[in-house]
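Below is one structure, written out as structure tokens, with a few remarks after it.
2 protein chains.
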Amino acid sequence: MTPLEHKRPMKKADLEDRIRAVDLRPTKQRIALAELLFSDGNRHITAEKLHSEALDAGVRISLATIYNNLHQFTTAGLLREVVVDSSKSYFDTNVDPHHHFFHEQNGTLEDIHSGDLTVSNIPELPDGTEISSIDVIVRISPDNNS
Amino acid sequence: MTPLEHKRPMKKADLEDRIRAVDLRPTKQRIALAELLFSDGNRHITAEKLHSEALDAGVRISLATIYNNLHQFTTAGLLREVVVDSSKSYFDTNVDPHHHFFHEQNGTLEDIHSGDLTVSNIPELPDGTEISSIDVIVRISPDNNS
DNA sequence: TAAGCTCTTTAGAAAGATTCTAAAGTATTG
DNA sequence: CAATACTTTAGAATCTTTCTAAAGAGCTTA
Ligand SMILES: [Mn+2]
Ligand SMILES: [Mn+2]
Ligand SMILES: [Zn+2]
Ligand SMILES: [Zn+2]
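Protein sequence lines correspond, in order, to chains A and B. Per the working numbering, residue 1 is the first one in the first sequence, and the count goes up by one each step. Per the working numbering, residue 1001 is the first one in the second sequence, and the count goes up by one each step.
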């Protein structure tokens, strides 16, 4: 288990610590977002969805703040962005290297742990470049036989 | 070499045939786009870029028509869409299964032929689903040593 | 070739996601 | 508490993509 993984719900004080640890102020909005994002296992979520969850939870927060914080969390390494759909961004609370199933039907992501899938025989990289990440998206849809 | 591959520049009459073959009318705009897309080897291109290339080539065409035709060509199997950047769509004239290098620096795509890269040990799919495609994006950036 | 039909193109409006601006609010430090 | 720096926010702006509705072009048939 890597240092950043956490399988049990996180207490509010821990969430504040986690925010402070990346040099951000634990505002009411930030704590609420951290709670929605990190309290209860890994999540893959869009800005709009997170916004509506926050409003549902009774937290008054603007969409601009959602975007600000998603980007700040991403820069801080608490989130990563997953590109699977050209029309919206997904943010992933699992920042360990891993891949994804993408359910085309409902726009949902599911983790594939790094060890469960191997990419091999990557050809020589173009000159002067290095790998910054490898993303594998297995796009799946409802199967019609069976 | 699969049937759809073509290594030599395509003549205008061939382009018309190709458009007719997928039950579309060979309009001036469509022929011009087909020429830009299919005349000279594989391409990875955005709508805006294709639009400006068409205008540069002296073809009066609206951006709506670019989008209409990119989608019609994609539906017809002459193009595929590659999702690598959450802010814009790329269209690929290579419709054979293959993967990509993505140069993060300049937003450029480069093919990795299917045979040059292997994805193995894909875990069991979620119940009732089948694979619709597998996309591997190797994101690369300028390397700072060397 | 003309008529009629269908498909295509287009300008401009609209939509949807994301970012920006600038002003008010809040956390932190001294 | 005061000063400072960071944060939030409404609303405007931006950007890409899609839609609308009307004019234009290709195709078929007579
Ligand atoms: Mn699309
Ligand atoms: Mn972004
Ligand atoms: Zn994930
Ligand atoms: Zn390609």
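Ideal placement from N, C-alpha and C gives every residue a C-beta, glycine not left out. This structure is a prediction, so every number in the text was calculated from the model and none was measured.
Just how far apart, CA to CA, sit residue i and residue j?
i	j	result
B:V1082	A:V136	13 Å
A:V22	A:L78	9 Å
B:A1054	A:G115	46 Å
A:I131	B:V1059	39 Å
A:D127	B:F1102	14 Å
B:L1125	A:H113	13 Å
B:H1051	B:I1045	10 Å
A:T118	B:D1056	44 Å
B:T1166	B:V1138	Because chain B here runs from 1001 to 1146, residue 1166 of chain B falls outside it and cannot be looked at.
B:H1099	B:D1085	15 Å
B:D1014	B:T1065	22 Å
B:H1006	B:E1016	Any reading at B:H1006 must be qualified, since the residue scores a pLDDT of 49, below 50, and its modelled position is unreliable; the value itself is stated next. Near 15 Å, if we compare the C-alpha coordinates of B:E1016 and B:H1006.
A:G107	A:L70	19 Å
B:R1080	A:K12	46 Å
B:K1088	B:N1144	28 Å
B:S1120	A:S120	8 Å
B:Q1072	B:R1018	13 Å
B:G1041	B:M1010	9 Å
B:S1039	A:S39	54 Å
Which residue comes first and which comes last in the alpha helix (DSSP H) that contains residue i?
i	result
A:L50	A47 to D56
B:I1031	K1028 to F1038
B:E1104	Counting along the chain, B:E1104 falls outside any alpha helix (DSSP H), and DSSP gives it neither H nor E.
B:R1018	K1012 to A1021
B:L1063	L1063 to T1075
Please name the residue, chosen from the options, that lies closest to residue i on a Cα-to-Cα basis.
i	options	result
A:E48	A:I140, A:E110, A:S120 and A:Y90	A:Y90
A:N68	A:V138, A:L36, A:I131 and A:Q29	A:Q29
B:I1122	A:I45, A:H71 and A:D111	A:D111
B:T1074	B:L1037, B:S1086 and B:D1085	B:L1037
A:P142	A:V119, A:L125 and A:Q105	A:Q105
A:P97	A:L15, A:G58, A:P9 and A:I134	A:I134
B:N1094	B:S1087, B:G1128, B:R1043 and B:S1120	B:R1043
B:R1025	B:A1076, B:S1120, B:R1080 and B:T1108	B:A1076
A:L109	A:A32, A:I140 and A:S87	A:I140
A:S62	A:S87, A:K88 and A:A32	A:A32
Report buried or exposed for residue i, applying the criterion of at least 16 other Cβ atoms within 10 angstroms of its Cβ.
i	result
A:A34	buried
A:T129	buried
B:D1092	buried
B:R1020	exposed
| Every unbroken beta strand (DSSP E) within the segment 77-134 of chain A, with a cutoff of 3 residues, ordered by chain | 80-82, 90-92, 98-103, 108-113 and 118-120
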